[in-house]
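So the protein lines, in turn, are chains A and B. Those letters in the first sequence? Residues 1 to 229, by our numbering. Those letters in the second sequence? Residues 1001 to 1377, by our numbering. Beta carbons: idealized from backbone N, C-alpha and C, even for Gly.
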Amino acid sequence: MALVALRKKTALNQPRRRQFQESIRSVIEAAGIPALRRENRGFVVGVTSPSAGEGKTTVAMATAGILSADLNVDVALVDSDFETHSLVSEYELAGREGIADVLAGTATMESVMHRVPGTRLDVVAAGELPSDPGPLIRSGELTNFIEQLRASYAYVVLDLPAVLPSSSGRTVAGLCDGVIVVTSAGQTTRSELEETIERLAQTSVLGVIINNWRSRVPAWLERAFGLGS
Amino acid sequence: MVPRKLVAHLLRLLPVMLLPILLAPALVFLLQRGGTPVYQSYATIWVQDPAGIQQPSLNVENSFLTPAQRQASVLNDLLQTDGFRMQIAELVGIISVPEGAATPGTSSGTQGPGLGSATPVASATPPSAASFLTSSQRERVFHLIGRSVAVGANGSNLLAITTSYSDPETAKALGDATIAAYDSRLQSEAQRQTVITSDYLSSQLVVAQEELTNRQNALQAFIQANPGVNLAVGSVEYRGLAAQVEAQLAIVNGLQSAIQGNQFNSVSITQGLAARFSVLDHPRVADHPIQESRIQQLMMPIGAMMVMVLLAAGYLLVVYRADHSVLSTEDLRGLDVRFLGYAPKLKRDRRQWRLSFRRDRGHARRAAASFASREAV
Chain A
1 MALVALRKKT
11 ALNQPRRRQF
21 QESIRSVIEA
31 AGIPALRREN
41 RGFVVGVTSP
51 SAGEGKTTVA
61 MATAGILSAD
71 LNVDVALVDS
81 DFETHSLVSE
91 YELAGREGIA
101 DVLAGTATME
111 SVMHRVPGTR
121 LDVVAAGELP
131 SDPGPLIRSG
141 ELTNFIEQLR
151 ASYAYVVLDL
161 PAVLPSSSGR
171 TVAGLCDGVI
181 VVTSAGQTTR
191 SELEETIERL
201 AQTSVLGVII
211 NNWRSRVPAW
221 LERAFGLGS
Chain B
1001 MVPRKLVAHL
1011 LRLLPVMLLP
1021 ILLAPALVFL
1031 LQRGGTPVYQ
1041 SYATIWVQDP
1051 AGIQQPSLNV
1061 ENSFLTPAQR
1071 QASVLNDLLQ
1081 TDGFRMQIAE
1091 LVGIISVPEG
1101 AATPGTSSGT
1111 QGPGLGSATP
1121 VASATPPSAA
1131 SFLTSSQRER
1141 VFHLIGRSVA
1151 VGANGSNLLA
1161 ITTSYSDPET
1171 AKALGDATIA
1181 AYDSRLQSEA
1191 QRQTVITSDY
1201 LSSQLVVAQE
1211 ELTNRQNALQ
1221 AFIQANPGVN
1231 LAVGSVEYRG
1241 LAAQVEAQLA
1251 IVNGLQSAIQ
1261 GNQFNSVSIT
1271 QGLAARFSVL
1281 DHPRVADHPI
1291 QESRIQQLMM
1301 PIGAMMVMVL
1311 LAAGYLLVVY
1321 RADHSVLSTE
1331 DLRGLDVRFL
1341 GYAPKLKRDR
1351 RQWRLSFRRD
1361 RGHARRAAAS
1371 FASREAV
């Protein structure tokens, strides 16, 4: 299995980083992901959002990383967003084989799995799909690939395409055991979220995360006015 | 409960909203300070209802009004007229007849209603300065006088005239001119009434005297026709004729007395008016402009601040109502979906900004990618 390298780290606001990590842990607990997993069968979690740029890749990466580190199990993080290829740059996967190659029959599952050094997390890139990936996504090959992952990993985290701009997001979400919807605070509108939930009606939606959240209201003001949060 | 989003918008927009709220009153305060100073001149006049001369315009029948209120009412009515204002402006010197144009001609003869309205205007009087003004100039002068002169009753018999202008001399002159113009109107009104009364009484006297002569002639004819009648005892017919003569004589005497009284009024108009319209405090030249109190000085800035606060509140409300984004759990109410939690916005360490200006995109993802490794930080 090939190894991948993480991009060079940048100094982050550490309290915020820990707060973010704890938030994702809370989300995993609130969604009941560990409890939903059945013995000897992997649990497939999809992470999507109404539109692009709302943080679904970040949440998917964090969810996969924390599941892997906290539960000390094998976790697969799959980039199924064939338009943005977000994971490629983060894990230096440029030019590597991905799902598209598996679906096309030119690669095997083992050859597209890339282990993050020092972890039990494997990352799968999206790969290069033809200009119209719809038929390939809707073919049984993708279902077979996910079933293979389910058999090999305790958790499979899919970075799904956004629901509203493309129909493939809903299609791939249908293959998941549960879907987390990510919204960006102050960016995602309520109507977009309603539309997303409606489109995912046939899917098991685990819940909604409000990402990029930053309270402008001081704590004392929250207490004084009893503001809900 | 106060919506969290409203408070969040309030805190976000606070600097933007505070700026006009603080700047507007400061600007208004500066504009007030930089304005033209205004000088005021005051006059107090003792007034009394005219005796003997009936002036319907003074509304003397209304016993609920004091003499000062009646005079103030008349003067305010006059001040609403273009003619009276032009007369004041001409007396002050705000308007004047152009040089070379002061040849005898037909005056515009604009006279206000009420006092002096029936005085015939001589056709040979020189043209007034107002007749040389264009309509826009005339309008400006009209509004200038209207703004500058204020009249009110002060007590039962005191009439207060307040004049304001940008220079103290003109303010005083406006007061003098108002008094002079009003005094002139009162005199001409009184003169007009004595003339009318005199004309009426004279015509009545002529008729009465003719009737008296006729009755005297009839009595004389009766005496000559009845020489044997004892005048001391008298007949019924004689006594009737004599009574008619006496009655008519009384009428003639009464009319003559009334004419004499009217003539007395006519010659004593000036003195009579002086007693009933006496200027106690003449307008004076103010030595300093009007000083507004602190409260008056602050009223406009506070008003501007209130307006800005209202505008800011309206702006905040519009922003709040127009924002349909998901910001907190409040915005998820009514949706059939579970809330899992907040994920905070990740920021780069502030110290790094001092050392490097590299682009800071994707640091949240890099942090998320590091969560899988126990050693990674």
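(request) Would you tell me roughly how many angstroms separate the C-alpha atoms of I209(A) and L1018(B), rounded to the nearest one? (result) As a first step, residue 209(A) must be located in the first sequence, where it is residue number 209. As a first step, residue 1018(B) must be located in the second sequence, where it is residue number 18. Using only the alpha carbons, I get a separation of about 34 Å.
(request) Identify which residue in Q1263(B), P1168(B), H1143(B) and I1021(B) has its Cα closest to the Cα of D1199(B). (result) The residue labelled residue 1199(B) in the question sits at position 199 within the second sequence. Nearest option by C-alpha distance: Q1263(B).
(request) Answer yes or no: do A1149(B) and T1163(B) have a C-beta to C-beta separation smaller than 7 Å? (result) One-based indexing of the second sequence puts residue 1149(B) at position 149. One-based indexing of the second sequence puts residue 1163(B) at position 163. For the sequence presented, residue 1149(B) should be read as Val rather than Ala. In this structure, T1163(B) lies closer than 7 Å to V1149(B) by Cβ.
(request) Quick one: give me the first and last residue of the alpha helix (DSSP H) that N1076(B) is part of. (result) Counting from 1 along the second sequence, the entry for residue 1076(B) is found at position 76. Element bounds for N1076(B): P1067 to L1079.
(message) From the DSSP secondary-structure annotation, give me the bridge partner or partners of S184(A).
(response) Counted from its first residue, the first sequence places residue 184(A) at position 184. Paired residue(s): N211(A).
(request) Return the first residue and the last residue of the beta strand (DSSP E) that L1159(B) is part of. (result) Counting from 1 along the second sequence, the entry for residue 1159(B) is found at position 159. Residues L1158 to Y1165.
(message) I want to verify the contact list: residues of chain B whose CB lies under 7 Å from the CB of V211(A), in sequence order.
(response) The residue given as residue 211(A) occupies position 211 in the first sequence. Residue 211(A) is actually Asn in this sequence, not Val. The answer, in chain order, is A1343.
(message) For S168(A), count the other beta carbons within 10 Å of its own beta carbon; 16 or more makes it buried, fewer makes it exposed. Which is it?
(response) As a position in the first sequence, residue 168(A) is number 168, starting the count at 1. With 16 or more Cβ atoms within 10 Å of its Cβ, S168(A) is classed as buried.
(request) Count the CB pairs spanning the segment 174-184 of chain A and the segment 94-101 of chain A that are closer than 8 Å, and state whether there are at least three. (result) no
(message) Quick check on the burial criterion: 16 or more other C-beta atoms within 10 angstroms. Buried or exposed for G55(A)?
(response) If you number the first sequence from 1, residue 55(A) lands on position 55. G55(A) comes out buried.
(request) Take the Cβ of T1197(B) as the centre, count every other Cβ of all protein chains shown within 10 Å, and call the residue buried at 16 or more, exposed below. (result) Indexing the second sequence from 1 puts residue 1197(B) at position 197. So T1197(B) ends up on the buried side.
(request) Look up A1343(B) in the DSSP assignment and say whether it is helix, strand or coil. (result) Position 343 of the second sequence holds residue 1343(B). Residue state, collapsed to three classes: strand.
(request) With a threshold of 16 other CB atoms inside 10 Å of the CB of F82(A), please say whether the residue is buried or exposed. (result) Taking the first sequence and counting its residues from 1, the one referred to as residue 82(A) is at position 82. Flag for F82(A) reads buried.
(request) Output yes if chain A places a C-beta closer than 7 Å to the C-beta of V1337(B); else output no. (result) Position 337 of the second sequence, counting from 1, holds the residue named residue 1337(B). By this cut-off, V1337(B) is an interface position.
(message) Quick check: is the beta carbon of S68(A) nearer than 7 Å to any beta carbon in chain E?
(response) Structure shown: chain E not included; protein chains present are A and B.
(message) Out of S1266(B), L1174(B) and P1168(B), which one is the CA nearest neighbour of S1188(B)?
(response) Here residue 1188(B) corresponds to residue number 188 of the second sequence, with the count starting at 1. The candidate whose alpha carbon is nearest that of S1188(B) is S1266(B).
(message) Spatial neighbours of T57(A) within its chain, please: C-beta separation below 6 Å, excluding the five flanking residues on both sides.
(response) As a first step, residue 57(A) is located in the first sequence; it is residue number 57 there, counting from the start. Within the same chain, T57(A) has close Cβ partners S86 and D159.
(request) Find out if the Cβ-Cβ distance for the pair Y1320(B), L1013(B) is shorter than 7 Å. (result) Taking the second sequence and counting its residues from 1, the one referred to as residue 1320(B) is at position 320. Taking the second sequence and counting its residues from 1, the one referred to as residue 1013(B) is at position 13. Not closer than 7 Å, so no.
(message) Given this structure, state the Cα-to-Cα distance separating D1378(B) from Y1315(B), to the nearest angstrom.
(response) Because chain B is modelled from 1001 through 1377, residue 1378(B) falls outside the range shown and cannot be assessed.
(request) Give the straight-line distance between the Cα atoms of L1365(B) and M109(A), rounded to the nearest whole angstrom. (result) Stepping through the second sequence from its first residue, residue 1365(B) is reached at position 365. Stepping through the first sequence from its first residue, residue 109(A) is reached at position 109. The question names Leu, yet the displayed sequence has Arg at residue 1365(B). Each residue's alpha carbon lies about 25 Å from the other.
(message) For chain B, check one thing: does any of its Cβ atoms lie closer than 7 Å to the Cβ of F20(A)?
(response) Translated into positions along the first sequence, residue 20(A) becomes position 20. At least one chain B Cβ lies under 7 Å of F20(A).
(request) Can you have a look at E90(A) and say buried or exposed, based on whether 16 or more other CB atoms are within 10 angstroms of its CB? (result) Mapped onto the first sequence, residue 90(A) falls at position 90. So E90(A) counts as buried.
(message) Rounding to the nearest angstrom, what Cα-Cα distance links A1153(B) and F1132(B) in this structure?
(response) Translated into the one-based positions of the second sequence, residue 1153(B) becomes position 153. Translated into the one-based positions of the second sequence, residue 1132(B) becomes position 132. Spanning the two alpha carbons is a distance of roughly 35 Å.
(request) Consider the Cβ of Q1069(B): report whether some Cβ of chain A lies at a distance smaller than 7 Å. (result) One-based indexing of the second sequence puts residue 1069(B) at position 69. Answer no: the Cβ-Cβ gap between Q1069(B) and chain A never drops below 7 Å.
(request) In angstroms with no decimal places, state the Cα-to-Cα distance between Q1271(B) and V1038(B). (result) Counting from one through the second sequence, the residue named residue 1271(B) turns up at place 271. Counting from one through the second sequence, the residue named residue 1038(B) turns up at place 38. If you take the alpha carbons of Q1271(B) and V1038(B), they lie about 36 Å apart.
(message) Short of 7 Å in beta carbon distance, which residues of its chain neighbour E192(A), apart from the five on each side in sequence? Order them along the chain.
(response) Start at 1 with the first residue of the first sequence, and residue 192(A) comes out as number 192. Counting only Cβ-Cβ distances below 7 Å, and skipping sequence neighbours, we find P50, S51 and L164.
(request) Give a yes or no on whether 7 Å exceeds the smallest Cβ distance from V1007(B) to chain A. (result) Residue mapping note: residue 1007(B) aligns to position 7 of the second sequence, counting from 1. Closer than 7 Å: yes.
(request) Drop a sphere of 10 angstroms on the beta-carbon of M1086(B), count the other beta-carbons inside from all chains shown, and report buried for 16 or more, exposed for fewer. (result) The count along the second sequence starts at 1 and reaches residue 1086(B) at position 86. By the 10 Å Cβ count, M1086(B) comes out buried.
(request) Reducing DSSP to helix, strand and coil, say where D1287(B) ends up. (result) Indexing the second sequence from 1 puts residue 1287(B) at position 287. In the structure shown, D1287(B) sits in coil (DSSP, three-state: anything other than H, G, I, E or B).
(request) Per DSSP, which residues does L158(A) bridge with? Please list them. (result) Within the first sequence, residue 158(A) is the residue found at index 158, counting from 1. In the DSSP output, where bridge partners are listed per residue, L158(A) has G46(A) and V78(A).
(message) Give me the chain B residues within the contact set of T189(A), using Cβ-Cβ distance strictly less than 8 Å, ordered along the chain.
(response) On the first sequence, position 189 is the one that residue 189(A) refers to. Those within 8 Å of T189(A) in chain B are H1324, S1325 and V1326.
(message) In the DSSP output, which residue or residues are listed as bridge partners for V1028(B)?
(response) As a position in the second sequence, residue 1028(B) is number 28, starting the count at 1. None, per the DSSP bridge assignment.
(message) On a Cα-Cα basis, can you pick out the residue from Q21(A), E141(A) and S166(A) that is closest to A69(A)?
(response) Counting from 1 along the first sequence, the entry for residue 69(A) is found at position 69. Comparing Cα-Cα distances from A69(A) to each of Q21(A), E141(A) and S166(A), the minimum goes to Q21(A).
(request) Give the single residue among T1178(B), A1190(B) and Q1080(B) whose Cα lies nearest to the Cα of V1092(B). (result) Stepping through the second sequence from its first residue, residue 1092(B) is reached at position 92. The candidate whose alpha carbon is nearest that of V1092(B) is T1178(B).
(request) Would you please verify whether the beta carbon of L142(A) is less than 7 Å from any beta carbon of chain B? (result) Taking the first residue of the first sequence as 1, we reach residue 142(A) at position 142. Not closer than 7 Å to any Cβ of chain B, the Cβ of L142(A) fails to qualify, so no.
(message) Per DSSP, what are the beta-bridge partners of A1153(B) in this structure?
(response) To locate residue 1153(B), count along the second sequence from 1; it is residue 153. DSSP, once it has assigned bridges, lists L1159(B) as partnering A1153(B).
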